[in-house]
Amino acid sequence: MLRSLFLQAIFFVIVFNVISWFRESSMLASDAKMPLNVFNVEQVLTKTGKSQKTNNKLFVQAQGKKTVLYFFAPWCQICNLSIENLEAVYQKNSDLAVMAIALDYEDRQSVVDFVKRHQLTFPVVYGTADIKVAFKIKAYPSYYILSKENSIVGKSLGYSTETGLFLRTL
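Positions 499 to 668 (my numbering) are the ones given, in order, by the sequence shown.
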């Protein structure tokens with residue numbers, strides 16, 4: 499019986515990894531340089547939902563830290579469940595930068611409400627259709643993990659636990 503459970507667990511892990519690989523195959527390739535030219539960010543939301551102006555075209559530059567780019571839609575239920583895991587990882591790791599990019603939002607207020615509801619302390623920006631295309635975002639949430647040199651070293655699609663996010667950022 500123990501052997502049967504072990505074989506079922508191995509089968510589950512293999513199937514899970516194959517499905518994950520298939521879903522993530524449409525995303526940007528690992529070790530690719532991040533398409534920085536698509537970011538022309540003019541406003542960043544604070545945790546109170548207020549906008550701050552910035553003229554930094556390369557706002558997501560890692561600046562010597564590993565960086566998580568989190569692409570989300572405020573209406574996405576999985577995003578609403580997983581964003582607090584990302585916030586927890588960010589709070590516990592000072593060597594990690596995080597930027598959330600809102601896409602496919604109905605209006606800017608829905609993004610502001612999302613930031614307030616989850617009390618996010620990392621930068622959140624309004625994304626554009628060009629950003630969605632450049633990063634090959636097909637579903638939410640989508641994550642890219644960037645090295646200190648802004649190369650993609652990891653990617654994921656869908657819900658991730660706090661532990662899962664932490665392990666991906668090592």
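Glycine included, every Cβ here is placed at the ideal spot set by N, Cα and C.
Assigned exposure category for residue i - 16 Cβ within 10 Å defines buried
{"i": "Thr565", "result": "buried"}
{"i": "Ser580", "result": "buried"}
{"i": "Met677", "result": "The first residue shown for the chain is 499 and the last is 668, placing residue 677 beyond what the model contains."}
{"i": "Ile712", "result": "Given that the chain is displayed from residue 499 to residue 668, the structure contains no residue 712 and the question cannot be resolved."}
{"i": "Arg501", "result": "exposed"}
{"i": "Val631", "result": "exposed"}
{"i": "Ile472", "result": "Any answer about residue 472 is impossible in this case: the structure gives the chain only from 499 up to 668."}
Contact under 8 Å by Cβ, residue i with residue j
{"i": "Val587", "j": "Leu663", "result": "yes"}
{"i": "Lys646", "j": "Lys563", "result": "yes"}
{"i": "Phe633", "j": "Tyr624", "result": "no"}
{"i": "Gly660", "j": "Leu618", "result": "Note that residue 660 is Glu in the sequence shown here, rather than Gly. Not a contact, by the Cβ cut-off of 8 Å."}
{"i": "Ala627", "j": "Leu655", "result": "no"}
{"i": "Pro572", "j": "Phe612", "result": "yes"}
For residue j and residue i, the rounded distance between their alpha carbons
{"i": "Leu601", "j": "Tyr568", "result": "10 Å"}
{"i": "Arg666", "j": "Gly652", "result": "7 Å"}
{"i": "Ser658", "j": "Ile629", "result": "22 Å"}
{"i": "Ile635", "j": "Tyr603", "result": "14 Å"}
{"i": "Asn648", "j": "Leu503", "result": "42 Å"}
{"i": "Asn578", "j": "Val610", "result": "13 Å"}
{"i": "Gln607", "j": "Gln506", "result": "46 Å"}
{"i": "Asn583", "j": "Asp605", "result": "25 Å"}
{"i": "Ser592", "j": "Arg615", "result": "23 Å"}
{"i": "Ala595", "j": "Met499", "result": "46 Å"}
Among the options, the one whose alpha carbon lies nearest that of residue i
{"i": "Cys574", "options": "Thr659, Gln607, Pro639", "result": "Pro639"}
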